[in-house]
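Residue numbers (UniProt numbering): 1 to 226.
Written out as structure tokens, the structure is:
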């Protein structure tokens, strides 16, 4: 939500979000939102975790490894799970060293919408820098929509089809992939061209709003119809 993770920066962002007309607003923290991570230590007094209790959230739903059930007219409901964690890189908030332990069986099976800061590997993740364990969780749960960010240069959206072509593609993208993996991918591609791609789908959205060397450029929001 912020660049420096201060109380003032977070509150300004929350105030802006509360001014928007949307019926439901869901947010998670990112690695820059230090104030929200009670394990983050800093000599900067502005990062004191106790000040988090003074934040005014208004109607915003803040998710931190938690789920919310949103109910809409007509009896429709949507399960949303949110998590702020990213792989360790530098000294930032909400970081982990072991992605397997971080993501294994972490996402509830009935999740419709997944919101994380970390992207899955091989998808809108800056040349494979996303998390493989998170990718495996997505393939297990198969949410309808996964929103993330972190790698600003990979802004955009795509659809993951949970089928044999997807499996072959992900194997071919691994650093240790061999020529044999490319052959398997080519065969899977031919099969999908002949018979079509059939299987559950997950819409993936890297919604990174800022871009440019100094994060001084702004992008359009991405709208997804469910």
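Where a beta carbon is used, it is the ideal one built from N, C-alpha and C, also for glycine.
Subject >> Cβ neighbour criterion (16 or more within 10 Å) applied to residue 228 >> reply: Coverage of the chain is limited to positions 1 through 226, which leaves residue 228 absent and any answer about it impossible.
**OP:** From the DSSP output, in three-state form, read off residue 72 for me.
**Re:** Here residue 72 refers to the residue found at position 72 when the chain shown is read from its first residue. Residue state, collapsed to three classes: coil.
Subject >> Segments assigned beta strand (DSSP E), at least 3 residues, entirely inside the UniProt domain "Calcineurin-like phosphoesterase" (15 to 153) >> reply: 25 to 27, 60 to 62, 66 to 71, 77 to 83, 113 to 116, 145 to 148
**OP:** Compute the distance between the beta-carbons of residue 199 and residue 224, then report whether it is under 8 Å.
**Re:** Start at 1 with the first residue of the chain shown, and residue 199 comes out as number 199. Start at 1 with the first residue of the chain shown, and residue 224 comes out as number 224. No, the pair does not count as a contact, with Cβ atoms beyond the cut-off.
Subject >> Reduced DSSP secondary structure (H/G/I, E/B, other) of residue 195 >> reply: For this step, residue 195 is matched to residue 195 along the chain shown. Helix.
Original post:
CB residue 137 to CB residue 107, shorter than 8 Å?
Top reply: Reading the chain shown from its first residue, position 137 is the one you call residue 137. Reading the chain shown from its first residue, position 107 is the one you call residue 107. For residue 137 and residue 107, yes; Cβs fall inside 8 Å.
Subject >> Presumed contact (8 Å Cβ cut-off) between residue 148 and residue 118, rounded CB distance >> reply: Locating residue 148 in the chain shown gives position 148, counting from the first residue. Locating residue 118 in the chain shown gives position 118, counting from the first residue. The beta carbons of residue 148 and residue 118 sit about 6 Å from each other, so the pair counts as a contact at 8 Å.
Subject >> Inter-residue spacing [alpha-carbon to alpha-carbon] between residue 89 and residue 5 >> reply: Here residue 89 corresponds to residue number 89 of the chain shown, with the count starting at 1. Here residue 5 corresponds to residue number 5 of the chain shown, with the count starting at 1. Each residue's alpha carbon lies about 17 Å from the other.
Original post:
Which residues bound the beta strand (DSSP E) around residue 156?
Top reply: By one-based count along the chain shown, residue 156 stands at place 156. 156 to 161 is the extent of the beta strand (DSSP E) around residue 156.
**OP:** For residue 43, collect the residues of the same chain with a Cβ closer than 7 Å to its Cβ; drop the 5 residues on either side in sequence, then sort them by chain order.
**Re:** For the purposes of this step, residue 43 is identified with residue 43 of the chain shown, where counting begins at 1. Residue confidence for residue 43 is low, a pLDDT of 49 falling below 50, so the modelled location carries little weight; the figure read from the coordinates is stated next. Answer for residue 43: no residue qualifies.
Subject >> CB of residue 26 within 8 Å of CB of residue 61, strictly >> reply: To locate residue 26, count along the chain shown from 1; it is residue 26. To locate residue 61, count along the chain shown from 1; it is residue 61. Yes, the Cβ-Cβ distance between residue 26 and residue 61 is below 8 Å.
**OP:** Can you grab the Cα-Cα spacing for the pair residue 59 / residue 69, in whole Å?
**Re:** Walking along the chain shown from the start, residue 59 turns up at place 59. Walking along the chain shown from the start, residue 69 turns up at place 69. Residue 69 has its alpha-carbon roughly 15 Å from the corresponding atom of residue 59.
Original post:
So is residue 115 buried or exposed if we call it buried at 16+ other beta carbons inside 10 Å?
Top reply: If you number the chain shown from 1, residue 115 lands on position 115. Result: buried.
Original post:
Does the beta-carbon of residue 72 have 16 or more other beta-carbons within 10 angstroms, so that it is buried, or is it exposed?
Top reply: Position 72 of the chain shown, counted from the first residue, corresponds to residue 72. By the 10 Å Cβ count, residue 72 comes out exposed.
Original post:
Nearest to residue 226 by alpha carbon, out of 80, 33, 30, 183?
Top reply: Sequence index remark: in the chain shown, residue 226 carries index 226 (1-based). When only C-alpha atoms are compared, the closest one is 80.
**OP:** Go to residue 2, then tell me how far its beta strand (DSSP E) extends in each direction, as first and last residue.
**Re:** Within the chain shown, numbered from 1, the residue matching residue 2 stands at position 2. Element bounds for residue 2: n/a, residue is neither H nor E.
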